[in-house]
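As structure tokens, the structure follows; a few thoughts come after it.
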Amino acid sequence: MLRDIQKNEFPGRVVRLIAPDPTTGGITARELPPYDSNKEKPAGGDGNKK
Numbered sequence: 000m001l002r003d004i005q006k007n008e009f010p011g012r013v014v015r016l017i018a019p020d021p022t023t024g025g026i027t028a029r030e031l032p033p034y035d036s037n038k039e040k041p042a043g044g045d046g047n048k049k
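Counting in numbering that gives the first Met the number 0, the sequence shown runs from 0 upward without gaps.
Below, the structure written as structure tokens:
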């Protein structure tokens, strides 16, 4: 789901997230690298073949 939001709302940009960390009781930070549309394409063409 995060990749869909990033692809549609923030293409080509780093997305920084903060979330609660239940282990430490603090917060944790994460960066999603810029969305690369070439990685999401199926590797063999049409996925609807029977």
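All residues carry an ideal CB built from backbone N, CA and C; glycine is no exception.
Based on the DSSP secondary-structure assignment, which residues constitute the bridge partners of Val14? Leu31
The alpha helix (DSSP H) spanning Asp20 covers which residue range? Counting along the chain, Asp20 falls outside any alpha helix (DSSP H), and DSSP gives it neither H nor E.
Within this structure, are the beta carbons of Val13 and Leu1 separated by less than 8 angstroms? no
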